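Novice: If you're matching them up, the sequences are chains X and W in order. Take 91 as the starting number for the first sequence in the working numbering and just add one per residue. Take 91 as the starting number for the second sequence in the working numbering and just add one per residue. We put the beta carbon where it would ideally sit given N, CA and C, even for glycine. Model, not experiment: these values are computed from the prediction. Here it is, the structure in full.
Number of protein chains: 2
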Amino acid sequence: MEPSPKRMPTLDEVAARAGVSRTAASRVINNAPHVSRAKREAVQRAVRELDFVPNPSAQALASRRAGAVVLAVSSDEPGLFADPFFAEIVVGVGTALEQTELELILLLANTPRGRQRFERLLRQRRADGVMLMALRGDDSLGRLCEEADLPVVFGGRPLRGEPAWYVDADNEGGARLAAEHLARTGRRRPVMISGQVDTRASAARERGFTDGLALAGLPLLGVEPGRFTEDGGAEAMERLLRAHPDPDAVFAASDAMAIGALRILRERGIRVPEDVAVIGFDDLASARHTSPPLTTVHQPVRALGEEMARMLVGALEGRRPGPLILPTRLTVRGSAPGLPA
Amino acid sequence: MEPSPKRMPTLDEVAARAGVSRTAASRVINNAPHVSRAKREAVQRAVRELDFVPNPSAQALASRRAGAVVLAVSSDEPGLFADPFFAEIVVGVGTALEQTELELILLLANTPRGRQRFERLLRQRRADGVMLMALRGDDSLGRLCEEADLPVVFGGRPLRGEPAWYVDADNEGGARLAAEHLARTGRRRPVMISGQVDTRASAARERGFTDGLALAGLPLLGVEPGRFTEDGGAEAMERLLRAHPDPDAVFAASDAMAIGALRILRERGIRVPEDVAVIGFDDLASARHTSPPLTTVHQPVRALGEEMARMLVGALEGRRPGPLILPTRLTVRGSAPGLPA
DNA sequence: GGGGAAGTTGGAAGCGCTTCCGGTTTTGTG
DNA sequence: CACAAAACCGGAAGCGCTTCCAACTTCCCC
Chain X
91 MEPSPKRMPT
101 LDEVAARAGV
111 SRTAASRVIN
121 NAPHVSRAKR
131 EAVQRAVREL
141 DFVPNPSAQA
151 LASRRAGAVV
161 LAVSSDEPGL
171 FADPFFAEIV
181 VGVGTALEQT
191 ELELILLLAN
201 TPRGRQRFER
211 LLRQRRADGV
221 MLMALRGDDS
231 LGRLCEEADL
241 PVVFGGRPLR
251 GEPAWYVDAD
261 NEGGARLAAE
271 HLARTGRRRP
281 VMISGQVDTR
291 ASAARERGFT
301 DGLALAGLPL
311 LGVEPGRFTE
321 DGGAEAMERL
331 LRAHPDPDAV
341 FAASDAMAIG
351 ALRILRERGI
361 RVPEDVAVIG
371 FDDLASARHT
381 SPPLTTVHQP
391 VRALGEEMAR
401 MLVGALEGRR
411 PGPLILPTRL
421 TVRGSAPGLP
431 A
Chain W
91 MEPSPKRMPT
101 LDEVAARAGV
111 SRTAASRVIN
121 NAPHVSRAKR
131 EAVQRAVREL
141 DFVPNPSAQA
151 LASRRAGAVV
161 LAVSSDEPGL
171 FADPFFAEIV
181 VGVGTALEQT
191 ELELILLLAN
201 TPRGRQRFER
211 LLRQRRADGV
221 MLMALRGDDS
231 LGRLCEEADL
241 PVVFGGRPLR
251 GEPAWYVDAD
261 NEGGARLAAE
271 HLARTGRRRP
281 VMISGQVDTR
291 ASAARERGFT
301 DGLALAGLPL
311 LGVEPGRFTE
321 DGGAEAMERL
331 LRAHPDPDAV
341 FAASDAMAIG
351 ALRILRERGI
361 RVPEDVAVIG
371 FDDLASARHT
381 SPPLTTVHQP
391 VRALGEEMAR
401 MLVGALEGRR
411 PGPLILPTRL
421 TVRGSAPGLP
431 A
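Given below as structure tokens:
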């Protein structure tokens, strides 16, 4: 009875068993060219018989490829990661990566410590590529990646600069849809709750909403930032009501903020949707459970994650995919109903 | 202008610069004993001056330690990972790991493909330990880890067997609290929606609820399983109403199911909490936004993740921590209010 | 039938670190 | 002051794989 350290078979043993050189065996497992059909099959048989699995550390050391990618998440609001939004992103990324040999390293870069760890990870080249969900505008994480020169794909465009690779939802278009819907259903005095000010997504949603209103010949009465959080949304709603006592529609740049706004409206005895229509952005699961259920701009979050991963894999394989914008659409529910048929 | 392959300094260079052997340098960076103070400092200086970072692949290869742990999630309900519950777990784990040098590998083991990947990951010893969030009962993932003999920490106890290390919430106690609350507030005809049948958590919640009722001298009118999903909860509620037309309380083993139940009750014109009190389990963020807001058993999800990570780290360091049960408590909201003061 | 081009082949040199082991120095003790 | 125990030190042997390179076959076309 050994304590079974269970030595795993090595490439040498595979090669010996197949009667070829280690070089050839290596070529086979990496299915590289320059191996005759016969040898290739011999190696494959040996691999199967020995149940050989290459040692990733050794591969990494010799080839200088880590065999992993990292998804780094950063935002000011601590715990914002807990947002189901990120959970969906992670699922998308994980799903897409399932088709590859790459492992997914997850890194929360919210705290100073987290950013240090991120930096170290890059310097160590422990990952071959990076996916960055950076919510705040001043984010230097992208620069770090460039210095390490690892391929990066952004989830959502960063505030400054136009990175080579990103995937984003059509924030502007979605917000425009919201504006059109409100205009079409007879709303005339809209206000808006924007997100974190230093965020491109927030800016795009604000622009889209404004443009959409303008097309319909409507002014935007007021805008207040709400940090993308529920409480922030509530506070913004209070400020808006103070400045503009009688809006008949509010567009929030996220569902969380819309929920906060709903709370304030209810407290004030303002009826939704009779007095004020409310539209959110994201279409989180919880948007279905508010009362009334939230009309909101749907964005394909999981697909966003999947596309990020696919794009990164493409980059690693030497392709040069461009940016990708995923469509958004309006999900109409009770908080801003359509016209009665 | 080179294309800057940016060779990183190696341990040899550090050793040379510090005027010591590579062995000594290695000892220093691993802060192992048997190095004189003088040399230790010399090496540390050299490390700083060269900005040396050890190459993890090389370390892994030589030391047979991966420097990473994996969090594997498995459940039948695809996309259940998207549950904010998991997001919180991940945040907890990530936070705890921040204090260590370990990276976090995330693996979705829902699909057959995912499980294959998990298996490969173990055989490759790409991780030094495993955290397992296995929602379903028949889960063989645990056995795989044992075979690979890697330390495993379970999140929640598996249905069968009592693993050495797990961290779980006090499901039974929490459910008992729910029962007591209902009894105390005058409810006499309770029914329950349980979770996935093959789940220990569900069983524990059912047991706790039953026991709690028994202590108060109340019978449990009926139980129906609801798969831990919103739709499952709704269906269970329908079945319950069919069998027991007039309950005055329902306890759901998860918030999602409670939300489904609320929907059915509303559709049926049954008032909450006047006619029927509803209590959930989890205290997700969305529990605050139902109408009425959901009274629910709170479990410290993030702490659960943190403790899992801490426990695993402990195991890796050779400690033998035992299982850990985290307390739950009742969060009283509108769907099952307390007694008026 | 000769001259390559194109495809194969394996030896050997690493990749950058850990750790065993034998030897040397320092320390502690009676 | 002698002697064993404890601490320190560095040489060298790997860890398991990739890849460069030089040599060797085949095969094709004029």
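Counting only the same chain and skipping the five closest in sequence on each side, list residues whose C-beta sits under 7 angstroms from that of G312/X.
Specialist: The sequence position of residue 312/X within the first sequence is 222, counting from 1. Closer than 7 angstroms at the Cβ level, and outside the excluded window around G312/X, lie V281, L330, A333 and H334.
Novice: Have a look at A342/W and S425/X and give me their C-alpha separation to the nearest angstrom.
Specialist: Here residue 342/W refers to the residue found at position 252 of the second sequence. Here residue 425/X refers to the residue found at position 335 of the first sequence. Taking the straight line joining both Cα atoms gives about 28 angstroms.
Novice: Measure from the alpha carbon of D373/X to the alpha carbon of each residue in A291/X, H388/X, G109/X and R423/X, then state which is nearest.
Specialist: The residue you call residue 373/X lines up with position 283 of the first sequence. Closest by alpha carbon: H388/X.
Novice: Just the chain W side, please: which residues come within less than 7 angstroms of H379/X by C-beta, in chain order?
Specialist: Translated into positions along the first sequence, residue 379/X becomes position 289. Per Cβ cutoff of 7 angstroms: I349, S376, H379 and T380.
Novice: Measure from the C-beta of S116/X to each C-beta in chain W and report whether the shortest distance is under 8 angstroms.
Specialist: Stepping through the first sequence from its first residue, residue 116/X is reached at position 26. No, S116/X does not count as interfacial toward chain W.
Novice: Buried or exposed: where does P430/W fall if 16 or more other Cβ atoms within 10 Å of its Cβ makes it buried?
Specialist: Your numbering for residue 430/W matches position 340 in the second sequence. The residue in question, P430/W, is exposed, as its Cβ has fewer than 16 Cβ neighbours within 10 Å.
Novice: Using a Cβ cut-off of 7 angstroms, which residues of the stretch 330-362 of chain X contact any Cβ in chain W, in chain order?
Specialist: Per Cβ criterion, the list reads I349.
Novice: Taking S147/W as the query, report the chain X residues whose CB atoms sit under 7 angstroms from its CB, ordered along the chain.
Specialist: By 1-based counting over the second sequence, the position of residue 147/W is 57. S147, A150 and L151, listed in chain order.
Novice: For A459/X, which residues in the same chain have their Cβ closer than 7 angstroms to its Cβ, ignoring the five residues on either side in sequence?
Specialist: Here chain X comprises residues numbered 91 to 431, so residue 459/X is not present and cannot be evaluated.
Novice: Only counting the same chain, and skipping five residues up and downstream in sequence, which positions put a Cβ closer than 6 angstroms to that of A136/W?
Specialist: Residue 136/W sits at position 46 when you count from the first residue of the second sequence. The residues are V104, R107 and A108.
Novice: What are the boundary residues of the alpha helix (DSSP H) that V125/X is part of?
Specialist: Here residue 125/X refers to the residue found at position 35 of the first sequence. Counting along the chain, V125/X falls outside any alpha helix (DSSP H), and DSSP gives it neither H nor E.
Novice: Is DSSP giving D258/X helix, strand or coil here?
Specialist: As a working note, residue 258/X is residue 168 in the first sequence. Here D258/X sits in strand by DSSP.
Novice: Are I179/W and V391/W touching if we call contact CB-CB under 8 angstroms?
Specialist: Your numbering for residue 179/W matches position 89 in the second sequence. Your numbering for residue 391/W matches position 301 in the second sequence. Their beta carbons are under 8 angstroms apart, which means I179/W touches V391/W by this criterion.
Novice: Against chain X, does I195/W count as a neighbour if the rule is that its beta carbon must be under 8 angstroms from one of theirs?
Specialist: The sequence position of residue 195/W within the second sequence is 105, counting from 1. For I195/W, the answer is yes, since a Cβ of chain X falls inside 8 angstroms of its Cβ.
Novice: Would you kindly check if the distance between the Cβ of L212/W and the Cβ of A186/W is under 8 angstroms?
Specialist: For the purposes of this step, residue 186/W is taken as the residue at position 96 of the second sequence. For the purposes of this step, residue 212/W is taken as the residue at position 122 of the second sequence. No, Cβ-Cβ distance for A186/W and L212/W is not below 8 angstroms.
Novice: Closer than 8 angstroms, Cβ to any Cβ of chain W: which residues of the stretch 380-405 of chain X, in chain order?
Specialist: Within the stretch 380-405 of chain X, the residues whose Cβ lies closer than 8 angstroms to some Cβ of chain W are T380, S381 and R392, listed in chain order.
Novice: Return the first residue and the last residue of the beta strand (DSSP E) that T113/W is part of.
Specialist: Here residue 113/W refers to the residue found at position 23 of the second sequence. Segment R112 to I119 is the alpha helix (DSSP H) holding T113/W; no beta strand (DSSP E) there.
Novice: Please confirm if A177/X has its CB atom under 8 angstroms from at least one CB of chain W.
Specialist: On the first sequence, residue 177/X is found 87 positions in, with the first residue counted as 1. Yes, its Cβ sits closer than 8 angstroms to a Cβ of chain W.
Novice: Check whether the Cβ of L201/W lies closer than 8 angstroms to any Cβ atom in chain X.
Specialist: Residue mapping note: residue 201/W aligns to position 111 of the second sequence, counting from 1. Here residue 201/W is Thr; the residue named in the question, Leu, does not match the sequence. So yes, T201/W belongs to the interface.
Novice: Compute the Euclidean distance between the alpha carbons of V125/X and S111/X, then round it to the nearest angstrom.
Specialist: For the purposes of this step, residue 125/X is taken as residue 35 along the first sequence, with counting starting at 1. For the purposes of this step, residue 111/X is taken as residue 21 along the first sequence, with counting starting at 1. Each residue's alpha carbon lies about 11 angstroms from the other.
Novice: Using only the alpha-carbon positions, how far apart do L402/X and V143/X sit?
Specialist: For the purposes of this step, residue 402/X is identified with residue 312 of the first sequence, where counting begins at 1. For the purposes of this step, residue 143/X is identified with residue 53 of the first sequence, where counting begins at 1. If I take the Cα positions, the gap works out to 25 angstroms.
Novice: Less than 8 angstroms between CB atoms is the rule here; does V143/X satisfy it with respect to chain W?
Specialist: By one-based count along the first sequence, residue 143/X stands at place 53. Closer than 8 angstroms: yes.
Novice: Which residues in the same chain as I354/W place their Cβ atom closer than 8 angstroms to its Cβ, once the five residues preceding and following it in sequence are excluded?
Specialist: As a position in the second sequence, residue 354/W is number 264, starting the count at 1. So the qualifying residues of the chain are A324, M327, E328 and L331.
Novice: Taking all protein chains shown into account, decide if E188/X is buried (16 or more other Cβ within 10 angstroms of its Cβ) or exposed.
Specialist: Residue 188/X sits at position 98 when you count from the first residue of the first sequence. When all chains shown are included, E188/X counts as buried.
Novice: Run through chain W and tell me which residues come within less than 7 angstroms of G184/X, C-beta to C-beta.
Specialist: Numbered from 1 along the first sequence, position 94 holds the residue referred to as residue 184/X. By Cβ distance, chain W contributes L196 and L198.
Novice: Would you tell me roughly how many angstroms separate the C-alpha atoms of H379/W and L352/X, rounded to the nearest one?
Specialist: Taking the first residue of the second sequence as 1, we reach residue 379/W at position 289. Taking the first residue of the first sequence as 1, we reach residue 352/X at position 262. Distance between the alpha carbons of H379/W and L352/X is about 10 angstroms.
Novice: Let me check you understand the geometry: is the CB of L394/X closer than 7 angstroms to at least one non-hydrogen atom of the ligand ZN?
Specialist: Among the components modelled here there is no ligand, and therefore nothing to report on the ligand ZN.
Novice: Listing by chain order, which chain X residues have their CB less than 8 angstroms from the CB of G245/W?
Specialist: Counted from its first residue, the second sequence places residue 245/W at position 155. What G245/W touches in chain X: nothing, since even the nearest Cβ is about 15 angstroms away.
Novice: What is the C-beta distance between A393/W and G182/W, in whole angstroms, given that I count them as a contact (C-beta under 8 angstroms)?
Specialist: Here residue 393/W refers to the residue found at position 303 when the second sequence is read from its first residue. Here residue 182/W refers to the residue found at position 92 when the second sequence is read from its first residue. About 6 angstroms; that satisfies the 8 angstroms criterion.
Novice: Can you tell me whether S153/W is buried or exposed, with buried defined as 16 or more other CB within 10 angstroms of its CB?
Specialist: Mapped onto the second sequence, residue 153/W falls at position 63. Exposed: under 16 other Cβ atoms inside 10 Å.
Novice: Grouping DSSP H, G and I as helix and E and B as strand, with all else coil, what is P315/X?
Specialist: Within the first sequence, numbered from 1, the residue matching residue 315/X stands at position 225. The answer is strand: DSSP assigns P315/X an E or B state.
Novice: Which residues of chain W have a Cβ atom closer than 7 angstroms to the Cβ of G204/X, listed in chain order?
Specialist: Position 114 of the first sequence, counted from the start, is the residue given in the question as residue 204/X. Chain W residues near G204/X: E188.
Novice: With which residues is P280/W paired in a DSSP beta bridge?
Specialist: What you label residue 280/W is simply residue 190 of the second sequence in a count that begins at 1. Beta-bridge pairing links P280/W to A339/W.
Novice: Looking at the secondary structure, which residues open and close the alpha helix (DSSP H) in which A56/X lies?
Specialist: Given that chain X is displayed from residue 91 to residue 431, the structure contains no residue 56/X and the question cannot be resolved.
Novice: Could you tell me which of A217/X, I360/X and T418/X sits nearest to T386/X, measuring between CA atoms?
Specialist: Locating residue 386/X in the first sequence gives position 296, where the first residue counts as 1. Nearest of A217/X, I360/X and T418/X to T386/X, Cα basis: T418/X.
Novice: Quick check: is the beta carbon of P248/W nearer than 8 angstroms to any beta carbon in chain X?
Specialist: As a position in the second sequence, residue 248/W is number 158, starting the count at 1. No - not a single Cβ of chain X is within 8 angstroms of the one on P248/W.
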